[in-house]
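For reference, the structure is listed below as structure tokens.
There are 2 protein chains.
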Amino acid sequence: MAYKVLLNEDEIPRQWYNLAADLPHPPLPPLGPDGNPIGPEALAPVFPMNLIEQEVSSERWIDIPQEILEILYRWRPSPLHRAVHLEKALGTPAKIYYKNESVSPAGSHKPNTAVPQAWYNKQFGIKKLTTETGAGQWGSALSFACSLLGLECKVFMVRISFDQKPFRKVMMETWGGTCIASPSTETQAGRDVLAQFPDTPGSLGIAISEAIEAAVTDATGQTRYSLGSVLNHVMLHQTIIGLEAKKQLEKAGEKKVDVVIACAGGGSNFAGLAFPFVNDKIHGADIEIIPVEPASCPTMTKAPYAYDHGDLARMTPLLAMHTLGHAFIPPPIHAGGLRYHGMAPLVSRAIVEGLVRPESIQQLECYEAAITFARTEGIIVAPETSHAVASAIRAARQAKEEGKEKVILFGLSGHGLMDLLGYQKYLAGQLTNHELSTADMAKSLNAIKDFPKIPA
Amino acid sequence: MAYKVLLNEDEIPRQWYNLAADLPHPPLPPLGPDGNPIGPEALAPVFPMNLIEQEVSSERWIDIPQEILEILYRWRPSPLHRAVHLEKALGTPAKIYYKNESVSPAGSHKPNTAVPQAWYNKQFGIKKLTTETGAGQWGSALSFACSLLGLECKVFMVRISFDQKPFRKVMMETWGGTCIASPSTETQAGRDVLAQFPDTPGSLGIAISEAIEAAVTDATGQTRYSLGSVLNHVMLHQTIIGLEAKKQLEKAGEKKVDVVIACAGGGSNFAGLAFPFVNDKIHGADIEIIPVEPASCPTMTKAPYAYDHGDLARMTPLLAMHTLGHAFIPPPIHAGGLRYHGMAPLVSRAIVEGLVRPESIQQLECYEAAITFARTEGIIVAPETSHAVASAIRAARQAKEEGKEKVILFGLSGHGLMDLLGYQKYLAGQLTNHELSTADMAKSLNAIKDFPKIPA
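Shown next, in the form of structure tokens:
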């Protein structure tokens, strides 16, 4: 038995998989300010046209350019591990596999889309990208990608994370990027928030507004915005994870996988691992597919499927998605990448269609799982990833109760070496659980009550 | 052409290589307090007998137990990368390869010996290990290994690093280890230093004294000490790096390697990559083999080959090695792992025999090289590793001047994600070079002037 299943570079997938082509109902279009569907040209000030084409594509398979593969080869294909030591510790008959995205130089799955986004922008003649980052994984990944492709990169980082994690900024700067705290005085959106709330900790919604504004108001016309999750083309780029994992499970001799698990904040990590398996499910396979979120930010498990903006300043089109309302500010849990108010339209659609079954887990169970994982498998996972670990442990325990030799696959989306503050607090007994109350959710959803409704 | 050369688990080396078997002259024995060579039994309070046997072994090949391989499979064999993007940036005809040890869960090469040391101690009935750590790489690695094998682990961490890098402690604790600042009040050695210098930043020499004392004075008799470098058995365990690299270069179609480079603090990273190539050189191969050290701590390039203690409190036997004197306190450069006063006896012997050619490089050139590497190859390397990168860039530029298509291999001993403070200061222009003056070296060497001399 192999502990790791590797693929050689010539075994890397050469096409991305587009779930939009296989969904029973096509995804709903984004709406403009007038409530009517927007065309691709409306997105042109924000994204380059080659990425917009991917965003609206209904092609099932999209070729990955050779030059992009040659950049991804720095760390891809990533390893698939068998978690033998965790299995033993749990005494489960289940076989647990994990796909390890922590081996990228930026430490997470994020470069899988940062590299293609930077590449397509460069092809289109763009010189500079702007973006936002919460926990810092995405800002690091885009700085990394821009560095390798010779683009400028400017990152608006949510202030509370900017202050708590000064070394994320150093990472970005080492790769030549610029990182400033959001809200900043550099944009109208930032100045408006600061005027009203000078001591605000910031939020991803505000930072997105700032990054879009900085891109569309750049006088050179050679700056665009880049988003690390939520959008269709981001989901697309990440499917390389699941496509590799399928090949690796086959190499390991697994004819069937029973449970696929990944954490979901904006949805790209989950989509990347799971969508190729959702395709199998659409075509009849019996697989349980679980996106996991924090109980404190229950976008998928409690919030409605509705039209909403992706950002606080309402600069984005209205997207059909599960949403807690664009002004939602989650409690201060340590999984910064899982604190977004919305969920990717494609993931939301898969939930509505009953193809995937979301789960929410409390913070303390996640850290307990992460400690178990570190002391058996050895890897210290990101706080986001700990949600997938906790869910995989639940599934393995259930298999034990049922006496079934299930095959469980989960996504190890990143390592936690830049996010040890949460571990420190957990080990010191200073963390608590957070659960969003129905009243607070209703209050937050009030902001979208007059928005266009999704047709039944 | 492949960007990475991978080995499958069944291609992992099944024996370690012992350079002592091939050196033209046998290594000199350690001496006891009376100036006479000590026997293995003198080390028994400090190390388990199975490791002492490895320490004094003259066998060329030593089998790696299957159970150890099964732990190493979590990340080994590690990848060999071709630094195509760096080559392009330098415009060199040289081919640059690097062996990537940053993929271990602890982020460096250190687990290659931490795992076997913990395993042999456990076999011998030991329940707890003590050790010291400077920058934190070794303490993290031993905590990691003890966690996987169910041993207790106690780490004495040099105070200045303990204060500057609080998250190293969190890493160790996540793996169940204990980490305290050294000097501490827990040992006589620590109390003595604190009485004289209450505000001391600590040093590796003091921390080693504390860790040895804590092991040998433990009343249960089930505690031993573990050292992360310097000793013969540590060099031995690390040779898995170079043995893998040789197989990988062969797979890549390279019939010959011209230059092998690795940084050297205590010597184990260098020995691990280089000793299998030193063997080739002894048997006639034309290879330049370069251990690299900081100009501020020029153990190999300026210090004498002499008998000295490994620690400040003079608890260790006298070892024949290049040494700056056991009381040497180096300037505050950021490569914490390269600030040790001595050099492994086996590496020192290879220098004396003319088999390897040490090089020293200044701090600023190292960080400049690390930035170039991050922006081409993508990986942010450890400050220690930056010395190897700088030397590889020198060698590649020389190949360009000479118009020769050389094959250069260097060791990427670890990533720098836990050591970004140095990058921050470098990027802010706050770092300077440090070079040890002849007068300061003479002062430091005064402490060993009356020690037994090495026979000519």
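Note that the protein sequences, when read in sequence, are chains B and W. Our numbering applies: residue 1 is where the first sequence begins, and numbers increase by one. Our numbering applies: residue 1 is where the second sequence begins, and numbers increase by one. Quick reminder that beta carbons are idealized off the backbone N, C-alpha and C, glycines included.
Reduced DSSP category for residue i - H, G, I as helix; E, B as strand; rest coil
i	result
P455(B)	coil
P65(B)	coil
M498(B)	Nothing can be reported for residue 498(B), as the shown portion of chain B is limited to 1 through 456.
I12(W)	coil
I287(B)	coil
I261(B)	strand
L342(W)	Note on residue identity: the sequence assigns Gly, not Leu, to residue 342(W). Correct three-state label for G342(W): strand.
H326(B)	coil
I180(W)	strand
L460(W)	Nothing about residue 460(W) can be reported from this structure: the residues present for chain W run from 1 to 456 only.
Status (buried if at least 16 other CB within 10 Å, exposed otherwise) for residue i
i	result
P40(W)	exposed
G429(W)	exposed
N269(B)	buried
M321(W)	buried
A271(B)	buried
Whole-angstrom distance between residue j and residue i, CA atom to CA atom
i	j	result
W138(B)	A374(W)	17 Å
L355(B)	S143(B)	35 Å
I180(B)	S413(W)	32 Å
G325(B)	D311(B)	9 Å
L318(W)	E384(W)	26 Å
I212(B)	T174(W)	39 Å
H109(B)	E101(B)	5 Å
P27(W)	K154(W)	31 Å
K122(W)	Q222(W)	10 Å
S437(B)	E244(B)	39 Å
P452(W)	A306(W)	8 Å
D199(W)	A382(B)	36 Å
G337(W)	G266(W)	8 Å
V275(B)	Y17(B)	The sequence as given places Phe at residue 275(B); Val does not occur at that position. Going by the C-alpha atoms only, they are around 8 Å apart.
P79(B)	H81(W)	15 Å
I208(W)	N279(W)	31 Å
P33(W)	K443(W)	23 Å
Cβ pair residue i, residue j closer than 8 Å
i	j	result
V103(B)	W75(B)	yes
P13(B)	I240(B)	yes
L234(B)	S203(B)	Per the sequence shown, residue 234(B) should be read as Val rather than Leu. Result no, Cβ atoms of V234(B) and S203(B) do not sit closer than 8 Å.
K127(B)	E152(B)	yes
S226(B)	T133(B)	no
R191(W)	L129(W)	no
E186(B)	A145(B)	no
E11(B)	K247(B)	yes
N112(B)	Q238(B)	yes
H387(B)	P294(B)	yes
T92(W)	R397(W)	yes
G420(B)	M171(W)	Note that residue 420(B) corresponds to Leu in the displayed sequence, not to Gly. In contact: L420(B) and M171(W) (Cβ atoms closer than 8 Å).
G136(B)	M418(B)	yes
H341(W)	G205(W)	yes
A20(B)	N232(B)	yes
T323(B)	I454(B)	no
A390(W)	I351(W)	no
Boundaries (first-last residue) of the alpha helix (DSSP H) holding residue i
i	result
C366(W)	Q363 to T376
K425(B)	L420 to L427
G205(B)	L204 to V216
T133(W)	From DSSP, T133(W) is part of no alpha helix (DSSP H) but of the beta strand (DSSP E) over K128 to T133.
T223(B)	Careful: T223(B) lies outside any alpha helix (DSSP H), inside the beta strand (DSSP E) at T223 to Y225.
L148(W)	Q137 to L149
R82(W)	R82(W) -> not in any alpha helix (DSSP H); beta strand (DSSP E) instead, spanning L80 to R82.
N112(B)	P111 to Q123
M171(B)	P166 to T174
L249(W)	I240 to K251
N- and C-terminal bounds of the beta strand (DSSP E) containing residue i
i	result
N100(W)	K95 to N100
T185(W)	Per DSSP, T185(W) belongs to no beta strand (DSSP E) and is neither H nor E.
I408(W)	V407 to L412
D308(W)	Y305 to D308
A320(B)	L319 to H322
Check: residue i C-beta below 7 Å from any heavy atom of the ligand FAD
i	result
G253(W)	Summarising the ligand content, the structure contains no ligands, and the ligand FAD is consequently not present.
Partners in chain C for residue i, counting only beta-carbon separations shorter than 9 Å
i	result
I68(B)	Considering every chain present, this structure includes no chain C. Its protein chains are B and W.
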